[in-house]
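Read through the structure below, which is laid out as structure tokens, and then see the notes.
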Amino acid sequence: MGNFFSKIAQSGKKGRAFQVFVMIFLLVMAASLVNFGDKYNKGADWLSAKTGQVVNLPKIDVLPFRLGLDLQGGTQLIYNADITAVADNERDNALEGVRDVIERRVNSFGVSEPRVETNTTATGDYQVVVELAGIKDINEAIKQIGETPLLEFKEESTEAPKLTDEQQKELDAYNKAAEKRAEEALGKAQKGGDFTELARQYSEDLAT
1 MGNFFSKIAQ SGKKGRAFQV FVMIFLLVMA ASLVNFGDKY NKGADWLSAK
51 TGQVVNLPKI DVLPFRLGLD LQGGTQLIYN ADITAVADNE RDNALEGVRD
101 VIERRVNSFG VSEPRVETNT TATGDYQVVV ELAGIKDINE AIKQIGETPL
151 LEFKEESTEA PKLTDEQQKE LDAYNKAAEK RAEEALGKAQ KGGDFTELAR
201 QYSEDLAT
């Protein structure tokens, strides 16, 4: 064992070559444990049972492998976005909005690692690309996503709402009464009335 560590610690070409060999060996062992962790755990259980639990090797966490579209197969859908009615400076945001809508729909169905991405082609077309691993029926994929997403942009109205004649009369009467109460409260306050009490009194009157 001492000779082994002395080889690792020694300098020179031989020492560096041995260090590289040890590093590669450790990396291979680590990769093997990741790839064949379940077999290692079974072997550790077998050894523990055979030795009456005298030898208990540590267990390792088995990482689940999920095959993507390239290995598992699946469906790829490409939606061409019609954004001719959207301003140039809003088109990227519009496309991201559509992508978010589709992604929420896909995630709600529990598809394994779906990919929903935006893409702009060389010809300037805006696209949303959807990849669904494990779903090979295109019609089923379209059914899961639902109808073609539609994102509408509407400008907020800055015009004040128009009141009916009756509503306008009620508003005028309310404003007139509020103005009268404010003048009364101000007059009493100028004569030395308690401001806090006046504020409470006239606030209650206004509320009723």
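Numbering follows the working numbering, with no gaps: position 160 of the sequence shown is 160. Built from N, CA and C at the ideal position, the CB exists for glycine as well.
Strand pairing of residue i, partner residues [DSSP]
i, result
"GLN76", "GLU131"
"VAL116", "VAL130"
"ALA81", "TYR126"
Nearest candidate by alpha-carbon position, reference residue i, set the options
i, options, result
"TYR126", "GLN167, GLY97, GLU197 and MET23", "GLY97"
"GLU103", "LEU57, VAL86, ALA141 and TYR174", "ALA141"
"ARG105", "LYS143, GLN201 and GLU166", "LYS143"
"VAL116", "ALA122, GLN76, LYS188 and ASN139", "GLN76"
"SER108", "ALA177, ASN89, ALA182 and ILE145", "ILE145"
"THR118", "ALA94, GLY192 and LYS50", "ALA94"
"ILE280", "GLN167, GLU183 and GLY74", "Outside the shown range of the chain (1 to 208) lies residue 280, about which nothing can therefore be said."
Distance between residue j and residue i (C-alpha atoms, nearest Å)
i, j, result
"ASN41", "VAL22", "24 Å"
"ALA81", "VAL128", "7 Å"
"GLY229", "VAL20", "The chain is shown only over 1 to 208; residue 229 falls outside these bounds and no answer can be derived."
"THR84", "VAL101", "20 Å"
"MET1", "LEU27", "Note that MET1 scores 48 on pLDDT, short of 50, meaning its location in the model is unreliable and no value can be drawn from it."
"LYS59", "ALA87", "58 Å"
"ALA185", "ALA177", "12 Å"
"LEU171", "ARG181", "15 Å"
"ASN56", "LYS50", "11 Å"
Local Cβ density within 10 Å of residue i, reported as buried at 16 or more and exposed below that
i, result
"VAL130", "buried"
"TYR174", "exposed"
"LEU132", "buried"
"ARG200", "exposed"
"GLY192", "exposed"
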